[in-house]
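There are 2 protein chains.
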Amino acid sequence: MTATRDKVLDKAEAAIRMRGYHAVSFRDLADELGIKSASVHYHFRQKEDLGLALVERYSKRFFDALEVEATKALTSKDKLRAFCAVYRHILVSSDRLCLCGMLGAEAAGIPVSLNDAVAAFFEANIDWLASAFGGDDTARTKATYTVGTLQGSMMLASSMKDVALFDHVLEALLA
Amino acid sequence: MTATRDKVLDKAEAAIRMRGYHAVSFRDLADELGIKSASVHYHFRQKEDLGLALVERYSKRFFDALEVEATKALTSKDKLRAFCAVYRHILVSSDRLCLCGMLGAEAAGIPVSLNDAVAAFFEANIDWLASAFGGDDTARTKATYTVGTLQGSMMLASSMKDVALFDHVLEALLA
DNA sequence: GTCTATAATTTGATAGAC
DNA sequence: GTCTATCAAATTATAGAC
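Taken in sequence, the protein lines are chains W and V.
The numbering of the first sequence is the working numbering, which starts it at 1 and goes up by one.
The numbering of the second sequence is the working numbering, which starts it at 1001 and goes up by one.
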């Protein structure tokens, strides 16, 4: 139906994951799609609306992929492996940062509602892993630690242009 | 002498560490300092020059602080503790992200020369820790892992507005 | 070193025709 | 749903007076 809306979301996600929220404009997106910026505004009245739709879609996709990946995961280790596999796919499939990792860094510079959505994504990440690890306080710390390591290594791999760096960290994380 | 130049650097570092490179303008900085943007341009011809000066100063300060902190560190564990202490100070002293963590996330959206400087900072981070860990391949992976964990946890603490989160990860990292 | 003034471009956003 | 046209504001940056 509204194919344009999805195309805008695709381009916006790719652009923001590469350059950041403030480095992407409605005109950039419109030009890339061969439409006008007014048309982008038709689908997303404000930039904030676009950002929120982006995080919502991203989060949904992430947890859907996680569910698929973890169906046969019984042990804590298997669940961790599944979690890491989804993160790895984020980076490798597009050679881009996690959307929420980027927006999380820019936290104090984006609309409050948008960072709330980003923080909720991280909260859900940690909840999932903490549950996989047993659910107690130690499990929660381990979960936070794991998400932090994945996000930070992704950032390092992006800045240092070395995807292998991320894989080495993944190996260590699973050892 | 050139007190203004330093004041510009101070304001720019604080602003960029909070909101990101593209969310900070020369006028913002000038207004905060009660001067005009043309005066900022006198000290830093282009925004890229300001960014480069920022990373240079930041990196120097970081490794100076690390040297002080690690003077009495003999064991690997002590050196890791010193490294973590400097990172903790970055976050806690200002409640802001690491400058290079922010710019590293925005890697593909900032001038190439600027990201080169950021990547060099991370390289030096990893070199220092790898050396502290013994210098072999395993040590290097452990070093990368550690820097990634610190950077990622800082981002999480910032987005989720929970500095204690960072401290819990630190504890786990040192255990 | 700092200012006024200004250029050239980009940005987020809207009104209204088709 | 998409367009043309337009706006007000912001952005990087420069020229030249003081």
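For each residue, glycine too, the CB sits at the ideal point set by N, CA and C.
Since the structure is predicted, the reported quantities are computational estimates derived from the model, not experimental observations.
Run the CB neighbour count on residue i, radius 10 Å, all protein chains shown included, and call it buried at 16 or more, exposed below.
{"i": "residue 1094 of chain V", "result": "exposed"}
{"i": "residue 77 of chain W", "result": "exposed"}
{"i": "residue 1045 of chain V", "result": "exposed"}
{"i": "residue 1034 of chain V", "result": "exposed"}
{"i": "residue 1144 of chain V", "result": "buried"}
{"i": "residue 42 of chain W", "result": "exposed"}
{"i": "residue 1146 of chain V", "result": "buried"}
{"i": "residue 1142 of chain V", "result": "buried"}
For a contact meaning CB atoms closer than 8 angstroms, what does residue i contact in chain V?
{"i": "residue 147 of chain W", "result": "1152, 1156"}
{"i": "residue 172 of chain W", "result": "1141, 1142, 1145"}
{"i": "residue 34 of chain W", "result": "Residues of chain V passing the Cβ test: none, with the nearest at roughly 23 angstroms."}
Who are the neighbours of residue i on chain W, taking C-beta pairs under 8 angstroms?
{"i": "residue 1109 of chain V", "result": "18, 19, 20, 23"}
Could you give the residue range of the alpha helix (DSSP H) that holds residue i?
{"i": "residue 16 of chain W", "result": "3-19"}
{"i": "residue 1048 of chain V", "result": "1047-1070"}
{"i": "residue 1096 of chain V", "result": "Looking at the DSSP string, residue 1096 of chain V is not in any alpha helix (DSSP H), and its letter there is neither H nor E."}
{"i": "residue 154 of chain W", "result": "137-159"}
{"i": "residue 1113 of chain V", "result": "1112-1132"}
{"i": "residue 25 of chain W", "result": "Note, residue 25 of chain W: premise wrong, no alpha helix (DSSP H); not H, not E."}
{"i": "residue 1172 of chain V", "result": "1163-1174"}
{"i": "residue 1038 of chain V", "result": "1037-1043"}
Which chain V residues are close to residue i, counting only those with a beta carbon under 7 angstroms from its beta carbon?
{"i": "residue 168 of chain W", "result": "1141, 1144"}
For residue i, which residues in chain W fall below 7 angstroms Cβ to Cβ?
{"i": "residue 1069 of chain V", "result": "Under the 7 angstroms cutoff, chain W gives no residues; its nearest Cβ is about 21 angstroms from residue 1069 of chain V."}
{"i": "residue 1118 of chain V", "result": "159"}
Please report whether the beta-carbon of residue i lies at a distance below 8 angstroms from any beta-carbon of chain W.
{"i": "residue 1097 of chain V", "result": "yes"}
{"i": "residue 1062 of chain V", "result": "no"}
{"i": "residue 1165 of chain V", "result": "yes"}
{"i": "residue 1122 of chain V", "result": "yes"}
Can you find a C-beta in chain V that's less than 8 angstroms from the C-beta of residue i?
{"i": "residue 105 of chain W", "result": "yes"}
{"i": "residue 51 of chain W", "result": "no"}
List, in order along the chain, the chain V residues whose C-beta lies closer than 9 angstroms to that of residue i?
{"i": "residue 134 of chain W", "result": "Result: empty, since nearest Cβ-Cβ is about 15 angstroms, beyond 9 angstroms."}
Stretch pair the region 46-57 of chain W + the region 130-149 of chain W: three plus CB contacts closer than 8 angstroms
No, they do not touch.
Any contact between the region 1151-1159 of chain V and the region 104-114 of chain W? By contact I mean 3 or more CB pairs, one from each, below 8 angstroms.
The region 1151-1159 of chain V and the region 104-114 of chain W touch, with no fewer than 3 CB-CB distances between them shorter than 8 angstroms.
With a cut-off of 8 angstroms, do at least 3 Cβ pairs link the region 62-72 of chain W to the region 111-119 of chain W?
Segments in contact, no.
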